[in-house]
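Enquirer: Attaching a single structure in C-alpha cells format; questions to follow.
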Amino acid sequence: MSGAGGARFEPDRLDDQAYLVEGDPSGVLRSVASSAAQVRAAYRSAVENGVARVGRDGRPRAIVVAGVGASALVGDVLEALCRYGAPVPVVTVRGHRLPGWVGAADLVIAVSRSGRTEETVAATAEAVRRGCALVGAGAPDTPLSALVERAGGPYVPVGGATGVAGQPRATLWSLMVPPILAAAALGLLPAGESEFESVAKRLEDLAHRCRPSSESFINPGKTLAMDLAGTLPVIWGTSPLAAVAAHRLADRLSEDAGYPAIWGELPEAAHNQIVTFDGPLAGRDIFADPFADEAGEGTRLRLFLLRDVEEHPQVTRSRTAAVRLAEDRGVPVSEILAEGVHPLDRLAALVGLCDYASVYLALGYGTDPASAAAATELQARISQ
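So the sequence shown is residues 1 to 384, counted in full-length UniProt numbering.
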C-alpha cells in the first residue's frame, strides 16, 4: 500500500529493532510506554496541588473543559464518565470563547500541556472575567498557570514537571487525571488512588505486550497496525467511552502517520456512516495483497469496532447487524473488546492499544511519528 508521497507499508519493518529505533528518533514509542508512569505522577501532582479543594463549595451548575486536541479529549472522557450517573453536565469547549450561559455558578477546567495554547488561554481568561471557579492542568510558569492561580484555583503541573517527559500527543494520561480527580472530589464519579493504580497496571501490561521486541504475530499493537494498513479505517465505538477511544485513534492516525480515518459512535453511525458500505471504497478483492497497491489505488474500507461491555441492548443489535451487513458487502471487520470492570480500566485497554497501533503504522510506512510539518506550517501562517 502506498501512502502520502508514495510511501509503502512494509510489515517487516515492525520486527526490525534497529529500524524501530532509527525511525523514531524522538522516542514516541517510549512516550506511549510511559503512560503508566504518567498516571501515577499526575495523580501525585494532583493530590499535592490540592485538586480536592474544588469540592469545598459544593457542586457547580456545570463543568466546562477548555482544551484543544488531546486536551479537549479529556473533556470528552469526563463527559462519558459522568453522562449517565452525575447530576452535573460536562461540556467541552474547543475554541477561544465560552458559551454565553457559562458564569460564576460553573467550574471551568482548563487543560493545555504547553500551558500556552492560544484557544485555551483565551477561554480561561474569559472564565476569570466571568467569575467562574477554575482548575488548571498543564506546564508550570505559563500564561495558563498564571490565570488559574490568580483566580485562586488549583493548578496541576503535568508533563516534565511530574517527572514524565514525552511527545505532547502521547501525554494524554497526564492531562486526564487532574480533571477526573476534580470530578471525584465533587462526588460525581468514583475515582481514587486504587482506580488509578489499576489503570497504571493495565497500561504497564499493554506496554509489555506491545513492546518493540515483541514480534508481530503476538504483539497486539503491531497486529492492529497491520489491519489498519492499506485501508480507509471506519472506527466505531459502541458506548460513549469507546467512542472517545475511536476519536483518539482517528486523531493519532492523522498525527502519527498522516493517515486519514473516519470515527463515530453507535447507534448514530449506523444511521449515516453505514451507507459508505455501498460506496465506491467498499468491497475488496480477497486475493489482493493489502500492502502492494500502487499509489493508494484499491484502498478499501475496513470497519474497526471498539467494543465496551456496557453496551445498550439496542446498540448490541445494531452492532451485530452492521457486522453482518459489512461482511455481506466484502468490508473486513476488526473487533476490539475493552477489558476491565471500572470504566477507566476499559478506556485504558482501548486507548493504550490504539496508541501503540498508530505509532507502529507510522513506522511501517517509514514515517517519523513525531513529524508534524503541516501543523507547524499552518501555525506559522496563522501567526504571520
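For every residue, glycine included, the Cβ atom is placed at its ideal position computed from N, Cα and C.
Nothing here was measured: the structure is a model prediction, and the numbers come from that model.
Please go through the same chain and pick out, in chain order, the residues whose beta-carbon is closer than 8 Å to the beta-carbon of proline 313, but skip the five residues on each side of it.
Expert: Within the sequence shown, the letter at position 313 stands for residue 313. None.
Enquirer: Going straight from the alpha carbon of leucine 301 to that of threonine 124, what length do you get?
Expert: Sequence index remark: in the sequence shown, residue 301 carries index 301 (1-based). Sequence index remark: in the sequence shown, residue 124 carries index 124 (1-based). In a straight line, the C-alpha of leucine 301 is about 41 Å away from that of threonine 124.
Enquirer: Could you give the DSSP three-state label for serine 2: helix, strand or coil?
Expert: By 1-based counting over the sequence shown, the position of residue 2 is 2. Caution is warranted here: a pLDDT of 40 is assigned to serine 2, below 50, making its placement in the model unreliable, and no coordinate value can be reported.
Enquirer: Would you call the segment 179-193 and the segment 35-55 touching, i.e. three or more CB-CB distances under 8 Å?
Expert: Touching, per the Cβ criterion.
Enquirer: Any idea what DSSP makes of alanine 326, helix, strand or coil?
Expert: Along the sequence shown, read from residue 1 onward, the residue named residue 326 stands at position 326. DSSP places alanine 326 in helix when its eight states are reduced to three.
Enquirer: With a Cβ-Cβ cutoff of 8 Å, do histidine 247 and leucine 73 count as a contact?
Expert: The sequence position of residue 247 within the sequence shown is 247, counting from 1. The sequence position of residue 73 within the sequence shown is 73, counting from 1. Yes. Within cutoff.
Enquirer: How far does the beta strand (DSSP E) with glycine 264 in it reach, from first residue to last?
Expert: Position 264 of the sequence shown holds residue 264. First-last of the beta strand (DSSP E) with glycine 264: 262-265.
Enquirer: Rounded to the nearest angstrom, what separates proline 154 and leucine 147 at their Cα positions?
Expert: Numbered from its first residue, the sequence shown carries residue 154 at position 154. Numbered from its first residue, the sequence shown carries residue 147 at position 147. Distance between the alpha carbons of proline 154 and leucine 147: 11 Å.
Enquirer: DSSP three-state call for proline 87: helix, strand or coil?
Expert: Numbered from 1 along the sequence shown, position 87 holds the residue referred to as residue 87. In the structure shown, proline 87 sits in coil (DSSP, three-state: anything other than H, G, I, E or B).
Enquirer: May I ask which residues mark the beginning and end of the alpha helix (DSSP H) holding valine 28?
Expert: If you number the sequence shown from 1, residue 28 lands on position 28. Looking at the DSSP string, the run of the alpha helix (DSSP H) that includes valine 28 is 28-33.
Enquirer: Using C-beta distances below 7 Å, list every residue in its chain close to alanine 104, excluding the 5 sequence neighbours before and after it, in chain order.
Expert: Here the question's residue 104 lines up with position 104 in the sequence shown. Within the same chain, alanine 104 has close Cβ partners Arg130, Gly131 and Cys132.
Enquirer: Within the UniProt domain "SIS" (51-193), note down every full beta strand (DSSP E) run reaching 3 residues or more, in order along the chain.
Expert: Correct list: 63-66, 90-93, 107-112, 133-138 and 155-157.
Enquirer: Identify the continuous alpha helix (DSSP H) that holds arginine 346 and give its terminal residues.
Expert: Walking along the sequence shown from the start, residue 346 turns up at place 346. From DSSP, the alpha helix (DSSP H) with arginine 346 extends over 343-364.
Enquirer: Relative to the C-alpha of arginine 211, which residue among Ser35, Arg8, Ala7 and Phe9 is closest?
Expert: By one-based count along the sequence shown, residue 211 stands at place 211. Of Ser35, Arg8, Ala7 and Phe9, the residue nearest in Cα terms is Ser35.
Enquirer: Please identify the residue among Asp278, Met176, His208 and Val156 whose C-alpha is closest to the C-alpha of phenylalanine 196.
Expert: In the sequence shown, counting from the first residue as 1, residue 196 sits at position 196. The residue with the shortest Cα to Cα distance from phenylalanine 196 is Met176.
Enquirer: Okay, do the segment 195-209 and the segment 231-242 touch, 3+ Cβ pairs below 8 Å being the bar?
Expert: Output reads no: the segment 231-242 does not touch the segment 195-209.
Enquirer: At the level of alpha carbons, what is the spacing between glutamate 10 and valine 90?
Expert: As a working mapping, residue 10 is identified with position 10 in the sequence shown. As a working mapping, residue 90 is identified with position 90 in the sequence shown. Between glutamate 10 and valine 90, the C-alpha separation is close to 43 Å.
Enquirer: Decide if aspartate 256 is buried, meaning its Cβ has at least 16 other Cβ atoms within 10 Å, or exposed.
Expert: Taking the first residue of the sequence shown as 1, we reach residue 256 at position 256. So aspartate 256 counts as buried.
Enquirer: Buried or exposed for arginine 97, going by 16 or more other Cβ atoms inside 10 Å?
Expert: Residue 97 sits at position 97 when you count from the first residue of the sequence shown. Answer is exposed; the Cβ neighbour count stays below 16.
Enquirer: Roughly how many angstroms lie between the CA atoms of alanine 80 and leucine 241, to the nearest whole one?
Expert: Here residue 80 is taken as the residue at index 80 of the sequence shown, counted from 1. Here residue 241 is taken as the residue at index 241 of the sequence shown, counted from 1. Cα-Cα distance, rounded: 5 Å.
Enquirer: With distances taken Cα to Cα, identify the nearest neighbour of leucine 350 among Leu337, Asp141, Val359 and His342.
Expert: The residue you call residue 350 lines up with position 350 of the sequence shown. Ranking Leu337, Asp141, Val359 and His342 by Cα distance to leucine 350 puts Leu337 first.
Enquirer: Nearer than 7 Å: is that true of the beta carbon of proline 179 relative to any heavy atom of the ligand COA?
Expert: Only the bare structure without any ligand can be found here, which leaves the ligand COA out of the picture.
Enquirer: Express the C-alpha separation of leucine 224 and alanine 295 in angstroms, rounding to a whole number.
Expert: In the sequence shown, residue 295 corresponds to position 295, counting from 1. In the sequence shown, residue 224 corresponds to position 224, counting from 1. Caution is warranted here: a pLDDT of 37 is assigned to alanine 295, below 50, making its placement in the model unreliable, and the coordinate value is therefore given only provisionally. Straight-line Cα distance between these residues: approximately 22 Å.
Enquirer: Look at the alpha carbon of threonine 367 and the alpha carbon of glutamate 265, and state the distance between them as a whole number of angstroms.
Expert: If you number the sequence shown from 1, residue 367 lands on position 367. If you number the sequence shown from 1, residue 265 lands on position 265. Spanning the two alpha carbons is a distance of roughly 29 Å.
Enquirer: I need the straight-line Cα distance from glutamine 17 to leucine 29, nearest angstrom please.
Expert: Numbered from its first residue, the sequence shown carries residue 17 at position 17. Numbered from its first residue, the sequence shown carries residue 29 at position 29. Those two C-alpha atoms are separated by around 12 Å.
Enquirer: How would you label tyrosine 84, buried or exposed, when you count the other beta carbons within 10 angstroms and need 16 or more for buried?
Expert: Position 84 of the sequence shown, counted from the first residue, corresponds to residue 84. Burial call: exposed.
Enquirer: May I ask which residues mark the beginning and end of the beta strand (DSSP E) holding leucine 301?
Expert: Numbered from its first residue, the sequence shown carries residue 301 at position 301. It spans 300-307 - the beta strand (DSSP E) in which leucine 301 sits, taken as one unbroken run.
Enquirer: Please confirm whether valine 244 and leucine 347 have their CB atoms less than 8 Å apart.
Expert: Looking up residue 244 in the sequence shown gives position 244. Looking up residue 347 in the sequence shown gives position 347. Cβ distance < 8 Å, so valine 244 and leucine 347 count as in contact.
Enquirer: Apart from the five residues on each side of it in sequence, which residues of its chain come closer than 8 Å, Cβ to Cβ, to alanine 50?
Expert: Position 50 of the sequence shown holds residue 50. Reading the sequence as shown, one finds glycine at residue 50 and not alanine. Cβ within range, chain order: Pro154.
Enquirer: Mapping DSSP to helix, strand and coil, what is leucine 249?
Expert: Position 249 of the sequence shown, counted from the first residue, corresponds to residue 249. Of the three classes helix, strand and coil, the one that applies to leucine 249 here is helix, per DSSP.
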